[in-house]
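Visitor: Under the working numbering, the first residue of the sequence shown carries the number 1403, and numbering increases by one thereafter. Take this structure first; my questions come after.
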Amino acid sequence: MYDKKLYKFTTYSGAKVTVLNVTKDNIRMRLESNVYQLDIDADRSEGVELPAPKLGEMTAKVNESLNSRINVALLRKNGSGTELIYSGTGRNAGLEFVGNIAELVKGLKK
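Okay, structure coming up:
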């Protein structure tokens, strides 16, 4: 939500993840709808292992950081370019990334 307007990036509205780049230190992703684009650039900082659900039990572990830096940019698609609606940085942000990275990126390929 920005300036009293909710920008939806959901599967039911047709939005898709079009970019996902994950390194040891950074996560970059882009979500796109027909009209809008959301760019997220997150620095992965050292976190702690926390219990997470697996098959109904809290037996898995997930690494979560509470001091990441996350940059976001919300843009309106405008012909062949884009127009910036909002840009900001979150400091001391919570960040966790879970899953098989290769499998997630493979899911983006058309």
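Here a beta-carbon is modelled for each residue, glycine too, at the ideal position from N, C-alpha and C.
#1: Less than 7 Å between C-beta atoms, sequence neighbours within five positions excluded: which residues of the same chain meet that for Asn1469?
#2: Taking only heavy atoms of the ligand ADP into account, decide whether any of them is closer than 7 Å to the Cβ of Asp1441.
#3: Going by DSSP, which residues form a beta bridge with Pro1453?
#4: Report yes if the C-beta distance between Leu1510 and Thr1420 is below 8 Å; otherwise report no.
#5: Among all the DSSP beta bridges, which residues are the ones paired with Ile1429?
#6: Exposed or buried, Ala1462, counting other C-beta atoms within 10 Å across all chains shown (16 or more means buried)?
#7: Quick one, which of Leu1457, Leu1476, Gly1483 and Asp1427 has its alpha-carbon nearest Leu1408's?
#8: Return the first residue and the last residue of the beta strand (DSSP E) that Ala1495 is part of.
#9: Please name the residue in Glu1505, Phe1499 and Ile1503 whose C-alpha comes closest to that of Gly1449.
#10: Using DSSP bridges, identify the partner residues of Ser1470.
#11: Report all residues from its chain with a CB closer than 8 Å to the CB of Ala1454; omit the five preceding and five following residues, and keep chain order.
Guide: According to the data block:
#1: If you number the sequence shown from 1, residue 1469 lands on position 67. Closer than 7 Å at the Cβ level, and outside the excluded window around Asn1469, lie Ser1447 and Asn1494.
#2: With respect to the ligand ADP, the structure shown offers nothing to examine, as it has no ligands at all.
#3: Along the sequence shown, read from residue 1 onward, the residue named residue 1453 stands at position 51. Answer is Lys1463.
#4: Here residue 1510 corresponds to residue number 108 of the sequence shown, with the count starting at 1. Here residue 1420 corresponds to residue number 18 of the sequence shown, with the count starting at 1. A contact, by the Cβ cut-off of 8 Å.
#5: As a working mapping, residue 1429 is identified with position 27 in the sequence shown. Partner residues in the beta bridge of Ile1429, as assigned by DSSP, are Val1424 and Ala1444.
#6: In the sequence shown, the residue the question calls residue 1462 occupies position 60. In this structure Ala1462 is exposed. Its beta-carbon is surrounded by fewer than 16 other beta-carbon atoms within 10 angstroms.
#7: Taking the sequence shown and counting its residues from 1, one reaches residue 1408 at position 6. Among Leu1457, Leu1476, Gly1483 and Asp1427, the Cα nearest to that of Leu1408 belongs to Leu1476.
#8: In the sequence shown, residue 1495 corresponds to position 93, counting from 1. That run of the beta strand (DSSP E) goes Gly1483 to Glu1498.
#9: Here residue 1449 is taken as the residue at index 47 of the sequence shown, counted from 1. When each option's Cα is compared against that of Gly1449, the closest is Phe1499.
#10: Looking up residue 1470 in the sequence shown gives position 68. According to DSSP, which records beta bridges pairwise, Ser1470 is partnered with Ala1495.
#11: As a first step, residue 1454 is located in the sequence shown; it is residue number 52 there, counting from the start. Within the same chain, Cβ atoms closer than 8 Å to the Cβ of Ala1454 are found at Met1460, Ala1462, Lys1463, Val1464 and Val1500, the five residues on either side in sequence being excluded.
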